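Report on the structure given below.
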Amino acid sequence: MGASVTAVCLSQDHTFSKGSQYSIRLLTGEGVAGDAHCGKYVQHVHHKKIDASQPNLRQVHIIQAELHDELQSAGLNVAPGQMGENITIRGVDIISLPLGTRLKIGSTAVVELTGLRSTCAKLNKIHSGLLKAVQPYDHNGNVMPRAGVMSIVVRGAEVRPGDPIQVELPNYPHQPLPVL
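Numbering (the working numbering), first residue to last: 83 to 262.
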């Protein structure tokens, strides 16, 4: 079985978690219609206070379902949308993909990866220890965020669970995803 969407979520308010939906509509250059983070310019509350004129590189938050599986195995039951993601996917190791990778979702939608999702202590409000579980350190003491990736919408369309995903890598040389 190939890669596919397993859940889609949104929240009209700047809440941490997002509610599961039957489908979401991606808007070109803006994000998820009806979601608090939708917009051409930065919508994240903290970043907006710093400089609201910056482009929105966090239009769509994507997490791989395999992370949810791993967390559940460790006793941390986390449902799609609880960590703020808009799209949950299975079958793609998204955090290892390079900057500029494009994901074609369904027959029309395209998003481009802009960075790794930065984590915060609010994750521990979902489950004690969740932040540590999604933010391990490598052998050099560097943080290795695993709470998904951020992306921009290159081509908008309706997205729903079951939609297939195709990965299109950017030209070489590949650059790692920065933390956003």
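Glycine included, every Cβ here is placed at the ideal spot set by N, Cα and C.
All values reported here derive from a predicted model rather than from experimental measurement.
query: Are Gly-113 and Asn-138 closer than 8 Å when you measure CB to CB?; result: yes
query: In the stretch 103 to 161, which residue ranges form an unbroken alpha helix (DSSP H) of at least 4 residues, counting only runs that do not cross its ends?; result: 127 to 132 and 147 to 155
query: Candidates Ala-118, His-126 and Ser-86: which alpha carbon is nearest Ser-200's?; result: His-126
query: For Ala-203, which three-state DSSP category applies?; result: coil
query: Let's test the definition: count the other Cβ atoms within 10 Å of the Cβ of Ala-203 and tell me whether it reaches 16, buried, or not, exposed.; result: exposed
query: Where do the ends of the alpha helix (DSSP H) carrying Leu-198 lie?; result: Where Leu-198 is concerned, there is no enclosing alpha helix (DSSP H), although the beta strand (DSSP E) it sits in stretches over 191 to 198.
query: If distances are taken between C-alpha atoms only, which option among Thr-88, Ala-89, Pro-218 and Leu-195 comes closest to Glu-250?; result: Leu-195
query: Quick check: the Cα distance between Gly-244 and Asn-168, rounded to an integer number of angstroms?; result: 15 Å
query: If you reduce the DSSP assignment to three classes, tell me which class Ser-86 lands in.; result: strand
query: Less than 8 Å between the C-beta atoms of Ile-247 and Ala-85, yes or no?; result: yes
query: Using a Cβ-Cβ cutoff of less than 8 Å, which residues in the same chain neighbour Thr-170 once the five nearest sequence positions on both sides are dropped?; result: Val-87, Thr-88, Ala-89, Val-90, Cys-91, Ile-144, Ile-145, Gln-146, Ala-147, His-150, Pro-162 and Gly-163
query: Looking at the unbroken beta strand (DSSP E) that takes in Val-241, where does it start and where does it end?; result: 239 to 241
query: Would you tell me roughly how many angstroms separate the C-alpha atoms of Arg-140 and Tyr-219, rounded to the nearest one?; result: 23 Å
query: Identify the continuous beta strand (DSSP E) that holds Val-249 and give its terminal residues.; result: 247 to 250
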